[in-house]
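S.K.:
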Amino acid sequence: MVPLQARCWSYVIVSYAVFDEKKKTLFGQLKKYPEKLVIHCKDLRVFHFCLRYTKEEEVKRIVSGIIHHTQAPKLLKRLFLFSYATAARNSPATDPKKHAVMFDTLQDWCRELERTKGNMKYKAVSVNEGYKVCERLPAYFVVPAPLLEEDIEFFQGRGIPIWCWSCHNGCALLKMSALPKEQDDSMSQIQKNFSDRIYRTVHRPPYETAKTEDLSSNFLSLQEIQMAYSKFKQLFLIDNSTEFWDTDIKWFSLLESSSWLDIIRRCLKKAVEIIECLEAQNMNVLLLEDNASDLCCLVSSLAQVMMDPHCRTVFGFQSLVQKEWVMGGHCFLDRCNHLRQSDKEEVPVFLLFLDCVWQLVHQHPPAFEFTETYLTVLSDSLYIPIFSTFFFNSPHQKDMNVGKESQDSQSRPLNLLTVWDWSVQFEPKAQTLLTNPLYVEKPKLEKVQRKGTHFKHQRQLSLPLTQSKSSPKRGFFREETDHLIKNLLGKRISKLINSSEELQDGFREFYDGWHSRPPSYQGLLLPHLEGPEIKVWAQRYLRWIPEAQILGGGGVATMSKLLEMMEEVQRLQEKIEARHHSQEALQAEAASPLRTSGRLSSLFPFALLQRHSSKPVLPTSGWKALGDEDDLAKREDEFVDLGDV
Amino acid sequence: MAAESVHGPSRVQLLRPGSLLKFIPEEILIHGQDFRLLRVGFEAGGLEPQAFQVTMAIVQARAQNSPAQQYAGITLSQAGQSSDSRKPPIPLLETIEDWETERKKQAARGWRVSTVNERFDVATSLPRYFWVPNRTLDSEVRRAFGHFHQGRGPRLSWHHPGGSDLLRCGGFYTASDPNKEDIRAVESMLQAGHSDVVLVDTMDELPSLADVQLAHLRLRALCLPDSSVAEDKWFSALEGTRWLDYTRSCLRKASDISVLVTSRVRSVVLQERGDRDFNGLLSSLVQLLSAPEARTLLGFQSLVQREWVAAGHPFLTRLGGSGASEEAPVFLLFLDCVWQLLQQFPAEFEFSEFFLLALHDSVRVPDTLTFLRDTPWERGKQSGQFNNYTQVYTPGFPGAGNSINPQLSVWDWNLRYSNKQILQFRNPGYDPEHCPDSWLPRQQPSFMVPGPPSSVWLFSRGSLTPLNQLCPWRDSPSLLAVSSRWLPRPAISSESLADQEWGLPSHWGACPLPPGLLLPGCLGPQIRLWRRCYLRGRPEVQMGLSAPTISGLQEELSHLQELLRKWTPRISPEDHSKKRSPNTILSQSR
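Residue numbers (full-length UniProt numbering), protein chains in the order written: chain B, 1 to 645; chain E, 1 to 590.
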């Protein structure tokens, strides 16, 4: 009865039993057996199961099974992850380093320092090897060069600035977890002295002045994020179409009242503010948060995606997530509530990050090597229990549980899979959907190209020549017409323009200044923050809704045309290269997944709801790999399944 | 231009045509109809006289009654060059030949071109020629049309290759008392030889003209660069304009009607009281959804020419040019609907968003007559079409001295746009392979067997209700005449009309659509704001336009092909044969 995906219990948010058309949350013991089961999944799919023709004992078994799997708290060691890893112990592991920098060695950090040219002022330290100092921090990390090792140990790694990334001008993005709050006067005096000393180290030359951004006091709270998302996702968890039609008229106000998009805007804005400090004011930025593992990760990785073109490649982005989130100690286990222990801790911070990145991808597609589909499958992978990447609260917890640290040398460490190896989930054919064919790669070539195309598009038809900006505080005329106007009306106008510019604050000026220039896809990239520019990540949120299907339409239609043309360009390029050898280039006629399938639906590659449907191109969980090993699935049944039901 | 306001040192004055400037302005704000805000600043010292003059000149220019006169002094260089023998880029449907060609193109065999309105004596708002059933005599047409509002009787809009016919007509003129023969003529024209007839109440669930106008005004206020809506309240403000909601209702209705037309062979009659606004909108949308031909550049332009210009949409009044109160940008609403389709089906349209933008902006440019007259009669009068019909009285329109060359239409794009811009009218993502011309072969209805229709339906509020008779006059007043607003609203079925019509259970998901038919998504998140049109006054939106897109790739493709062509002599002959394929691909997409 239950499709394979539904066995992926970590996907289930909530299940309802339906009695006489009334929905009740499945909870505890049931007095009466339901006619229908409705299951809401974390990827916003809704499953309906009719139980009317099922035998009563069967219903009982199913219901109690679901309750057990979706509500009972679990032990970490009993997660499917470990059963799978035990079973797959002997299968050859791919080298994770091929897909991302894992940041689990000192060299990885040193190389990152070199790449960002931060190695003059910052050093990688191994003081936490074996997690002697602190279990929250990774074994290796980077701190300002003059910082003493005793200082790191003093408050178990709290209160010290930890390096995230260095900007091209030498300014760095740092993060710091707050010192514990002390009632005791003498203790707080010690703390004060300690922080003063630390700040002096950071402020002394060669360090630029640092600006402290306290993310736990005057920014978003985790509760806000949690509440917004739970409201927001209800907009898409639709049981039947009638319900959906009813929300249409109020769609935008419902969307607004969830304030999810506003939270995205605030995150993006915060990142832009930080970039302005780093880039325009030449200041170090020190992010401060209680544990430095939630909003710190979010804001610092967003800033890096915007500033560092390397982070917009697939490899760079995966390394970034590895560096800031996995090694940065984001509590994936708690935030995803994999163990179903506390709903309060379940906050979709990482999803919020992906949604912010999606806004950037959507606004500047050529700047990213990956597509929105990549982000969507990444957000799904958060709950696939065969990958270890998102299943631990800290690198320490992971190392403890895979047996790396265990004394028992007989048992080899478990072979945990990393999510970054996409070939585990997807066939090569499907993997082409994850990379962006329009990615602008080489900076030099791109510059020339951009100049050409930009100029042409600038004089778009129907565009006004005279511009005005939206607020009187800003300048009256755009650069383009500036010259003309100055000549026309004399110097007075230019004086007026200048005076109005003085009113702008630094942020506005920086933001407007960037947006008034043509975007450089290999340089700094800023998002648009205005009201209409922040949008719903339609692919992720609408893909399971049959009513949202547009046959033969959607972005897929453009995408297929694009891939076709890319192939054509590639073939011609090969031909041109081969002309010297006067031999025909071998043409591997690898049909793209889109080419052969004719008219696709807008929900491609996820749900295919046509009558003559085949299975989706992108399976939504890792079950493809599992399906090959039938006996494994059975064995797993015995291992975890309902021993106590 | 919509309105100007003038800012003094501390005062603001709104200037309307005829109003007098009360002080020397510091700044003029000009709110454009096209969602732009122009801001001109003057500063004290030396410039005051000019400031006053400039402002008054603008006010005076606005005071002119008609946009045509306003531009009387402007001569268009290109307009003068064109000779009389020049062929219009799009058949303007002012001659009987155009109608005959178009009829043959649609393979509408049961229809003929009627010349009954050649002198505009049936209705001035109707075109001189239109299509009526073969069997109906011109005298019958004349009599039947008299029983419709403003003489706009049932005419063929489009013949579906599968056999169905899409008709449009005005409301029944209930006060008239037709005799039996007239009723029979009316009925047989509505029936058009089909045994299955569906009357569509066009206005039901669509906004009224006043609604459209109000929504458009609100949208403009919201989208102007000086709107003061907070960022986090933007979406509810957008919802408050209701513009997107109206777009949605139009699309949903059109999609339902195209299901009616494609799913069975029948006659579908769009009935709107005036037959000059939403009938055109729906009929054009239905054709865009069901006919790949209408989605080409040429096809779309002739569609607009036929269903809007020739069919007598009162452009001048609706766009506020005549000063009358019936201003309502129905045509702009239509363009928004088309844009929604364009963004939902990016590979199905030959024209691009820029083409739609160009059309959107041309609506108010007074260099051709296309959008500057309310009826084909007025347009024809001006262009001197009736010089050989002495019966037609030609009032003193300033014909000779006018700057507008009557031979030109809005479709002469090179009047306003450079060749480079016109090249951008094509959608590089257009993939015509996806819309094969192979239609499901269906039996043509036989026009030899008239007989009374076996089933007559009223399509209203998303579902079909059986009707006893087609016309309201015989026994009881028609439901339509009584105003369908009184009909009880049937519960919305969870099945879509497509599923009902194809007889498939809804839980199967979407059905296999006939080739070429598009069914748009109408859900809240799927209807979007046409940012490049409405928000282009905002500087931040313009920047997104320069992204290298598909067209960049296409340039690279042609560049590479050019390179290869140069080297062709060096390449072996077998290679040469293979090289054909890229060329053909490109020529298809061009």
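The beta-carbon is built from N, C-alpha and C at its ideal position, and this holds for glycine as well.
Can you look up E:Ala347 in the DSSP assignment and give me helix, strand or coil?
M.R.: E:Ala347 falls in the coil class under three-state DSSP.
S.K.: Just mark B:Ser613 as buried or exposed, buried being the case when its beta carbon has 16 or more other beta carbons within 10 Å.
M.R.: Confidence at B:Ser613 is low in this model, with a pLDDT of 38, below 50, so its placement is unreliable and the value that follows should be read with caution. With fewer than 16 Cβ atoms within 10 Å of its Cβ, B:Ser613 is classed as exposed.
S.K.: By the DSSP assignment, the alpha helix (DSSP H) with B:Ser381 in it spans what residues?
M.R.: 372-381
S.K.: Of the residues E:Leu137, E:Leu560, E:Asp374, E:Pro525, which one's Cα is nearest the Cα of B:Glu256?
M.R.: E:Pro525
S.K.: Taking C-beta to C-beta, are B:Met283 and B:Ala228 nearer than 8 Å?
M.R.: no
S.K.: Determine whether the Cβ of B:Lys561 lies closer than 8 Å to any Cβ atom of chain E.
M.R.: yes
S.K.: If the criterion is Cβ atoms closer than 8 Å, does the pair B:Glu530 and E:Glu231 meet it?
M.R.: yes
S.K.: Please tell me whether B:Leu220 and B:Ile263 are closer than 8 Å, where the distance is taken between their beta carbons.
M.R.: yes
S.K.: Give me the Cα-Cα distance between B:Thr382 and E:Val197, rounded to the nearest whole angstrom.
M.R.: Reading off the sequence, residue 382 of chain B comes out as Leu, not Thr. Looking at the two C-alpha atoms, the distance is approximately 55 Å.
S.K.: Compare the C-alpha of B:Thr418 against each of B:Val101, B:Ser520, B:His528 and name the closest.
M.R.: B:Val101
S.K.: Kindly indicate the opening and closing residues of the alpha helix (DSSP H) around B:Ala430.
M.R.: For B:Ala430, the enclosing alpha helix (DSSP H) has its first and last residue at 428-431.
S.K.: Quick one: Cα of B:Lys175 to Cα of B:Phe507, how far?
M.R.: Straight-line Cα distance between these residues: approximately 22 Å.
S.K.: Give the C-beta separation of E:Ala302 and E:Pro91 to the nearest angstrom, bearing in mind that I take them to be a contact with Cβ-Cβ under 8 Å.
M.R.: Note that residue 302 of chain E is Ser in the sequence shown here, rather than Ala. Correct: roughly 6 Å between the Cβ atoms.
S.K.: Looking only at DSSP bridge pairs, what is B:Val326 linked to?
M.R.: Looking at the DSSP assignment, B:Val326 forms no beta bridge with any residue, so it has no partner.
S.K.: Run through DSSP, which three-state label would B:Met307 get?
M.R.: helix
S.K.: Classify E:Glu562: buried if its beta carbon has 16 or more other beta carbons within 10 angstroms, exposed otherwise.
M.R.: exposed
S.K.: Are any of the Cβ atoms in chain E nearer than 8 Å to that of B:Ser253?
M.R.: Proximity of B:Ser253 to chain E, defined by a Cβ-Cβ separation below 8 Å, is satisfied.
S.K.: Is the segment 41-52 of chain B touching the segment 537-549 of chain B in the sense that three or more CB pairs, one from each, lie closer than 8 Å?
M.R.: yes
S.K.: What are the complete alpha helix (DSSP H) segments, minimum 4 residues, inside the segment 198-258 of chain E?
M.R.: Entirely contained in the segment 198-258 of chain E, the alpha helix (DSSP H) runs reaching 4 residues are, in chain order, 209-223, 234-241.
S.K.: Any beta-carbon of chain B closer than 8 Å to the one on E:Arg373?
M.R.: no
S.K.: Is it right to say E:Lys180 is buried, meaning 16 or more other beta carbons lie within 10 angstroms of its own, or is it exposed?
M.R.: Exposed.
S.K.: Throw me the rounded Cβ distance for the E:Leu289 and E:Leu517 pair, which I believe falls under 8 Å.
M.R.: 7 Å
S.K.: Taking buried to mean at least 16 other C-beta atoms within 10 Å of its own C-beta, is B:Tyr84 buried or exposed?
M.R.: buried
S.K.: Sort B:Gln304, B:Glu114, B:Phe155, B:Pro180 by Cα distance to B:Val142 and report the nearest one.
M.R.: B:Glu114
S.K.: Suppose you measure from the CA of E:Ala57 to the CA of E:Ala51; what does that come to, to the nearest Å?
M.R.: 10 Å
S.K.: Which bits of chain B does E:Leu529 rub up against, with CB to CB less than 7 Å?
M.R.: Those are Pro532, listed as they occur along chain B.
S.K.: Between E:Ser83 and chain B, is any beta-carbon pair separated by less than 8 Å?
M.R.: Caution is warranted here: a pLDDT of 47 is assigned to E:Ser83, below 50, making its placement in the model unreliable, and the coordinate value is therefore given only provisionally. Closer than 8 Å: no.
S.K.: Cα-Cα, which of E:Leu156, E:Ser176, E:Leu217, E:Leu222 is closest to E:Gln191?
M.R.: When the alpha-carbon of E:Gln191 is set against those of E:Leu156, E:Ser176, E:Leu217, E:Leu222, the nearest one is in E:Leu156.
S.K.: Following the continuous beta strand (DSSP E) through B:Tyr122, name the residue where it begins and the one where it ends.
M.R.: 122-125
S.K.: Whole-angstrom Cβ separation of E:Ser362 and E:Arg416, contact assumed at under 8 Å?
M.R.: 7 Å
S.K.: Classify residue 647 of chain B as helix, strand or coil using the three-state DSSP reduction.
M.R.: Nothing about residue 647 of chain B can be reported from this structure: the residues present for chain B run from 1 to 645 only.
S.K.: Under three-state DSSP, which class holds B:Lys192?
M.R.: helix
S.K.: Buried or exposed for E:Tyr246, please, with buried defined as at least 16 other CB atoms from any protein chain shown within 10 angstroms of its CB.
M.R.: Buried, since its Cβ has 16 or more Cβ neighbours within 10 Å.
S.K.: B:His68: beta carbon under 7 Å from a heavy atom of the ligand FMN?
M.R.: Summarising the ligand content, the structure contains no ligands, and the ligand FMN is consequently not present.
S.K.: Applying the 10 Å Cβ sphere with the 16-neighbour rule, what's the burial state of B:Lys344?
M.R.: exposed
S.K.: My assumption, with CB atoms under 8 Å, is that B:Leu137 sits in contact with B:Gly159. Please give the rounded CB distance.
M.R.: In fact, because the Cβ distance is near 12 Å, the residues do not count as touching under 8 Å.
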